[in-house]
Amino acid sequence: MLQLAEDASKNAYVPYSKFPVGACVLAESGNVYLGCNFENSSFGLTICAERNAVGSAIAAGEKKLKAVAIFSPNMLNCTPCGACRQVLNEFQCPDGIDVITKVDNGVKVVKLSQLLPESFSL
Ligand code: THU
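Under my numbering, think of the first position of the sequence shown as 11, with each following residue one higher.
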């Protein structure tokens, strides 16, 4: 999944930040969905890689996500921003979502609930 996230990061549209990110989500179906960040001259309209990947999963009919891998060539342990944590939180499978990042000595996996404790949901 991290390799797929790295592949997706190569499609990022980041003329302003020069900070490419790729994401790969794994759904309960076993299918994976990719996303990259894409920016806009109206900066606030930027879409993160993670939310792009979640959108692809939703568009394909998925509702429960098992894992997300995030990769940026610019940063080790590139974890989802706060907004993306909340969006991922909406679509957790019963076991929660594993958040997978690249670190110095390999791969790090944490539960989304560790990154977003006491989360809000309806
Ligand atoms: N970004 C992501 O795509 N995912 C994150 O989790 C953190 C931030 C993007 C947004 C923007 O295009 C660039 O990285 C710098 O913030």
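Note that the Cβ used here is the ideal one computed from N, Cα and C, for glycine as well. Nothing here was measured: the structure is a model prediction, and the numbers come from that model.
message: According to DSSP, Val96 sits in a beta bridge with which residue or residues?
response: For the purposes of this step, residue 96 is identified with residue 86 of the sequence shown, where counting begins at 1. Correcting the residue identity first, residue 96 is Gln in this sequence and not Val. Looking at the DSSP assignment, Gln96 forms no beta bridge with any residue, so it has no partner.
- request: Assuming Pro90 and Val109 form a contact by the criterion Cβ under 8 Å, report the distance between their Cβ atoms to the nearest whole angstrom.
  value: Translated into positions along the sequence shown, residue 90 becomes position 80. Translated into positions along the sequence shown, residue 109 becomes position 99. The pair is a contact, with the Cβ atoms about 7 Å apart (cut-off 8 Å).
- prompt: Relative to the alpha-carbon of Cys94, which residue among Asp114, Leu126, Leu132 and Phe53 has its alpha-carbon at the smallest distance?
  reply: On the sequence shown, residue 94 is found 84 positions in, with the first residue counted as 1. The shortest Cα separation from Cys94 among Asp114, Leu126, Leu132 and Phe53 belongs to Leu126.
field: Distance CB(Ser131)-CB(Ser123) smaller than 9 Å
entry: As a working note, residue 131 is residue 121 in the sequence shown. As a working note, residue 123 is residue 113 in the sequence shown. No. Outside cutoff.
query: Bridge partners of Ala37, per DSSP?
result: As a first step, residue 37 must be located in the sequence shown, where it is residue number 27. Secondary-structure assignment with DSSP links Ala37 through a beta bridge to Leu75.
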